[in-house]
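Q:
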Amino acid sequence: MNKKQKNLLIRIIIAAVFFVPLYLISEDIVHVDMPGWALILLFLVPYLTVGYDILRKALLGIKNGKVFDECFLMTVATVGAIALGEYGEGVAVMLLYQVGELFQSYAVGKSRRNISELMDIRPDYANIESEDGTLERVDPDEVEAGSIIVVQPGEKVPIDGIVVEGASALNTAALTGESKPREVGVDDDVLSGSINMSGVLKIRTTAEFDESTASKILDLVENAASRKSKSENFISKFARVYTPFVCYAALALALVPPLFMLLTKVGMAGYASAGALWRDWILRACTFLVISCPCAVVISIPLSFFAGIGGASNQGILVKGSNYLETLSEVTTVAFDKTGTITKGNFEVTAVHHSSIDESKLLEYAALAECHSSHPISLSLKKAYGKHIDPKRVTELEEISGHGIVAKVDGTAVAVGNEKLMNRRGIAFHRCHHVGTIIHMAVAGEYAGHIVIADELKEHSREAMAQLRKAGVEKTVMLTGDAEAVAAAVAKEVGLTDYRAELLPQDKVACVEELLRECTGNKKLAFVGDGINDAPVLSRADIGIAMGALGSDAAIEAADIVLMDDDPIKIAKAIRISRKCLGIVKQNIAFALVVKAVCLVLGALGLANMWVAIIADVGVMILAVLNAIRCLFVKNL
Amino acid sequence: MKKTYKIEVDCANCANLMEEAAKKTAGVKDCVVSFMTLKMKVEFEEGADPAAVMQEVRANCKKVEDDCEIFL
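Chains A and B supply the protein sequences, listed in that same order. Per the working numbering, the first sequence starts with residue 465, numbered consecutively. Per the working numbering, the second sequence starts with residue 84, numbered consecutively.
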């Protein structure tokens, strides 16, 4: 508790100690003889102790022309009640109102701290080694890019960099939500925010502190709360209209019915005198004012979103604003880029078929012929060959664009390429029924077999699709530049509902636009990409999700939601988190509005007194705040 | 130009009031107050002097919510 809160708590306790005996006396439960004016004066002690700041704010509000705030409502209601002789109720309302304020302030402060702790990746210092070998602690802000810093076991890596000395295991859980430690050695990249677990690391920084991953993530999450959702905007607009409305309604309630009754003499039989009539209706109006405080809803909505965003970031899911969390909960179609999201994006030789010569010899020819290319396919051929490649063995190399490569390896003519190349050279070949990229080979003019290269599926791709379906996603569509057959096979294996194959990068935007047209009403489309080359699509979709984006600035910039690791299962998790969060928001709005509406009606009819009103008000607020905090618990969702 | 300021305020509705007050201040193009992070993000009009404008913003915020604070 901070000083202000402690202060308020002490005032509440003092006021309560005074209030209880006074209340018993005023209700004649304990009989003490004292004049009426003495009782009023005594009641003013707890009233002013607990409520003086509210009265002061109300007066300041009137002075500054801002009449309709809660302090004004509370002041009018309680002063009205006391003036009408309901001392007990008047003081109790002020007391309970302050209890509610204290609770709210405490709960919000506590959850703010909890959430910040979840995201506690801000490094406090960096170690720089001075010339005599001693370590000096400096502010990470002062470390220039290219400096050497030392990270000891148990410390946070303060700045992004490359390991120059040492080896260790890093805990990246705070960044990615992945609990398995990452092994690093010399020349490996390390990201700020990860925790060094075992060995001492010397790191050459590659960025300044502000540009480092940890700073960027913190910045992103902290700014997330400033992109407000529709629910939040709705509530703040609602509060703006609601409070003045209730004030005028209260005024009308105090004046219109009694005047009407006095003029028409209808219903006057129930009242002893005109004075009793006025008293009754003014009290009803005061009750009305007590119910009208809008804070319960106003506080619980942003708190829910903030807790949801905090909980998600703890799981390695960065949401850039409450509005995105809201949209994500309405997603019914998810479009995927294939490479890097469903598949790993590293091509590997998976088979060699119909080889007339030894398989390893065939691979050797292929790797040598492709020795000068850096295409992913060539790289995978070289990787499969695995031995040193001497480019001098290759002569007369000719690359035929869109077909393949023709060259002489150790003097033997070798042709490596697709079906078109074989057709062009008039070589009969076997079609392959396997899925993947097929490299046909001809050695010395004879067909020598083909090599199958395929992209591996990610471990969790299948399960991810199943979970998406369970989470209520109706359509999962894969967009890829691959051939029809490859796309169909992947789609079937993973369990996608649809796919679009042979797309050029610009076609993907058109595809997403077409899918967007199919999403009518509240249905929303999410696009998942790896952040490489798909920035336009990411920004075109209702929600752009970039995955495996740790350290990729372009992706973080273009996407609305960033998955820190590249596990597709996190997509379903993100959707579940957003649904839970939005569910809680809706519960709170509905609950608070219904309770308030019921109380307003009961108050107007004279069925609810001030006690009921204030307990309903504070109770709704406490329940709404507690409910909002549930958004934070998303770990096992 | 955008700048972020730390603020202190007690209730969510008061934060909304501060946001409105700041938006109405001359020289402020847009303003977002986040009650959860206790931050105020102000976008200034072209050519406005942030320091002078923020004094105004603070004065206007104090009018609507007397015990709020903006740390300049």
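Built from N, CA and C at the ideal position, the CB exists for glycine as well.
Please state if the CB of A/Leu-566 and the CB of A/Leu-473 are separated by a distance shorter than 8 Å.
A: Yes, Cβ-Cβ distance for A/Leu-473 and A/Leu-566 is below 8 Å.
Q: Give the single residue among A/Gly-739, A/Pro-766, A/His-924 whose Cα lies nearest to the Cα of A/Thr-805.
A: Cα-wise, what sits closest to A/Thr-805 is A/His-924.
Q: Should the stretch 650-657 of chain A be called in touch with the stretch 612-632 of chain A, which here means at least 3 C-beta pairs below 8 Å?
A: Segments in contact, yes.
Q: Can the beta-carbon of A/His-904 be found less than 8 Å from the beta-carbon of A/Met-886?
A: Yes, the Cβ-Cβ distance between A/His-904 and A/Met-886 is below 8 Å.
Q: Is A/Leu-524 close to chain B? Criterion is C-beta to C-beta, closer than 8 Å.
A: Output row for A/Leu-524: interface = yes.
Q: What residues from the stretch 84-108 of chain B come within 7 Å of chain A, judged by C-beta to C-beta, listed N to C?
A: Correct list: Asp-93, Cys-94, Ala-95, Asn-96, Asn-99.
Q: Can a CB atom of chain B be found closer than 8 Å to the CB of A/Val-627?
A: A/Val-627 does not count as touching chain B.
Q: Which whole runs of the beta strand (DSSP E) in the stretch 968-1029 of chain A are 3 residues long or more, in chain order?
A: Counting whole runs of 3 or more residues, the stretch 968-1029 of chain A contains the beta strand (DSSP E) stretches 988-993, 1007-1011, 1025-1027.
Q: Helix, strand or coil: which one does DSSP assign to A/Asp-1105?
A: This structure leaves residue 1105 of chain A out entirely; chain A is present only between 465 and 1101.
Q: Using a Cβ-Cβ cutoff of 7 Å, what residues of the stretch 123-153 of chain B are near chain A? List them in chain order.
A: Those would be Lys-124, Lys-146, Val-147, Asp-149, in chain order.
Q: Below 8 Å CB to CB, which residues in the same chain sit around A/Ser-844 once its five sequence neighbours on both sides are set aside?
A: Only Asn-810, Phe-811, Glu-812, Val-813, Ile-917 meet the Cβ criterion.
Q: Contact defined as beta carbons within less than 8 Å: I believe A/Val-761 pairs with A/Ile-1053. What is the distance between those atoms, to the nearest angstrom?
A: Yes, A/Val-761 and A/Ile-1053 are in contact; Cβ-Cβ is about 6 Å, under 8 Å.
Q: Kindly list, in the order they appear in chain B, the residues whose Cβ is closer than 8 Å to that of A/Ile-1033.
A: Within chain B, no residue comes near A/Ile-1033; the closest Cβ sits about 28 Å away, beyond 8 Å.
Q: Tell me which residues share the same chain as A/Asn-997 and place their Cβ nearer than 8 Å to its Cβ, disregarding the 5 neighbours each side in the sequence.
A: Pro-969, listed in sequence order.
Q: Is any heavy atom of the ligand NAP found at a distance shorter than 7 Å from the C-beta of B/Glu-103?
A: For the structure depicted, the ligand NAP is absent and the ligand set is empty, with no information on it obtainable.
Q: Assign A/Phe-1097 to buried or exposed, taking buried as 16 or more other Cβ atoms, counted over all protein chains shown, within 10 Å of its Cβ.
A: By the neighbour-count rule (16 or more Cβ atoms within 10 Å), A/Phe-1097 is not buried but exposed.
Q: Between the Cα of A/Ala-1057 and those of A/Phe-770, A/Ala-590, A/Ser-764, spot the shortest distance and give me the residue it belongs to.
A: According to the sequence provided, residue 1057 of chain A is Leu. The question's Ala does not apply to it. Of the candidates A/Phe-770, A/Ala-590, A/Ser-764, the one whose C-alpha sits nearest the C-alpha of A/Leu-1057 is A/Ser-764.
Q: Suppose the cutoff is 6 Å on Cβ atoms and the five residues either side in sequence are ignored; what does the same chain contact list for A/Phe-532 look like?
A: The residues are Thr-707, Pro-708, Cys-711.
Q: Against chain B, does A/Val-754 count as a neighbour if the rule is that its beta carbon must be under 8 Å from one of theirs?
A: No, A/Val-754 lies away from the interface with chain B (no Cβ there is under 8 Å from its Cβ).
Q: Here's a check: name, in chain order, each residue in its chain whose Cβ is nearer than 8 Å to the Cβ of A/Val-1082, leaving out the five neighbours to either side.
A: So the list reads Leu-560, Tyr-561, Val-563, Gly-564, Phe-567, once near-sequence residues are dropped.
Q: Please check if any C-beta of chain B sits within less than 8 Å of the C-beta of A/Cys-1095.
A: So no, A/Cys-1095 is outside the interface.
Q: Measure how close the beta-carbons of A/Gly-1008 and A/Ala-1022 come, nearest whole angstrom, since I'm counting them as under 8 Å.
A: Their Cβ separation, rounded to whole angstroms, is 6 Å, which keeps A/Gly-1008 and A/Ala-1022 in contact under 8 Å.
Q: Could you tell me whether the stretch 726-739 of chain A touches the stretch 1082-1093 of chain A, where touching means 3 or more Cβ pairs closer than 8 Å?
A: Output reads no: the stretch 1082-1093 of chain A does not touch the stretch 726-739 of chain A.
Q: Going by DSSP in three states, A/Asn-1119 sits in which element: helix, strand or coil?
A: In this structure chain A extends from 465 to 1101, so residue 1119 of chain A is not present and cannot be described.
Q: Does the structure place the stretch 624-643 of chain A close enough to the stretch 686-705 of chain A that three or more beta carbon pairs sit under 8 Å?
A: These segments do not touch.
Q: Any Cβ of chain B within less than 8 Å of the Cβ of A/Glu-862?
A: Judged by the 8 Å Cβ criterion, A/Glu-862 is not in contact with chain B.
Q: Please state whether DSSP places B/Cys-144 in a helix, a strand or coil.
A: Here B/Cys-144 sits in helix by DSSP.
Q: My understanding is that A/Val-555 touches A/Pro-485, with C-beta atoms under 8 Å, so please give their C-beta distance in whole angstroms.
A: Not really, about 12 Å apart at Cβ, beyond 8 Å.
Q: Examine chain B for any beta-carbon lying closer than 8 Å to the beta-carbon of A/Gln-568, and answer yes or no.
A: Judged by the 8 Å Cβ criterion, A/Gln-568 is in contact with chain B.
Q: For the beta strand (DSSP E) that A/Thr-707 lies in, which residues bound it at each end?
A: No beta strand (DSSP E) contains A/Thr-707, which is instead part of the alpha helix (DSSP H) from 694-728.
Q: If you draw a straight line from the C-alpha of A/Thr-859 to the C-alpha of A/Asp-971, how long is it?
A: Cα-Cα distance, rounded: 39 Å.
Q: Could you tell me the boundaries of the alpha helix (DSSP H) in which A/Gly-739 lies?
A: A/Gly-739 -> alpha helix (DSSP H) spans 738-755.
Q: Can you tell which of A/Gly-900, A/Ala-908, A/Val-614 has the C-alpha that lies nearest to the C-alpha of A/Val-870?
A: Of the candidates A/Gly-900, A/Ala-908, A/Val-614, the one whose C-alpha sits nearest the C-alpha of A/Val-870 is A/Ala-908.
Q: Could you tell me the alpha carbon to alpha carbon distance between A/Pro-758 and A/Cys-535, rounded to whole angstroms?
A: When rounded, the distance between both Cα atoms is 11 Å.
Q: For A/Met-661 versus A/Asn-635, is the C-beta spacing smaller than 8 Å?
A: A contact, by the Cβ cut-off of 8 Å.
Q: Could you check which residue in A/Ala-480, A/Leu-989, A/Tyr-570 has the C-alpha nearest to that of A/Gly-936?
A: Checked all of A/Ala-480, A/Leu-989, A/Tyr-570; the closest Cα to A/Gly-936 is A/Leu-989.
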